[in-house]
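Right, one structure below, let's go through it.
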Amino acid sequence: MVLSDMGRGYSQLSSVAEYEAAFREWYAGLLLKTGSHDQALAAYHRGLRGRFRKDAKAYAQRCLNLATAYAKERP
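Following this line, the structure appears as structure tokens:
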């Protein structure tokens with residue numbers, strides 16, 4: 000989904016670092032479109048139109064909870 004949204008194919012990326020860079024670029028675009036991480040994560044899960052669905056909101060909350068827990072564990 001990420002690659003097709005960006006107009007790229009698997010053959011255009013040759014390393015994990017390139018895949019990560021493509022995802023960051025795509026996610027930054029979602030963040031700009033939605034205005035917040037919870038909305039961007041929900042859109043990642045269900046698409047822009049589906050980001051207000053209950054399961055998309057729950058997914059976003061789980062991701063944010065994990066990020067918060069991870070940040071607390073790091074020194």
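What the sequence shown shows, in numbering that gives the first Met the number 0, is residues 0 to 74, in sequence order.
Ideal placement from N, C-alpha and C gives every residue a C-beta, glycine not left out.
Discussion item. I'd like the list of long-range same chain contacts for leucine 30, defined as Cβ closer than 6 Å, with 5 residues on each side in sequence excluded.
Written reply: Ala39
Worksheet entry | Runs of alpha helix (DSSP H) wholly within the stretch 2-72 (minimum 4 residues, chain order) | 15-33, 36-45, 53-72
Worksheet item: Using CA coordinates, which residue listed in Glu72, Gly49, Tyr58 is at the minimum distance from aspartate 37?
Response: Tyr58
Worksheet item: In whole angstroms, what separates the C-alpha of phenylalanine 22 from that of alanine 16?
Response: 10 Å
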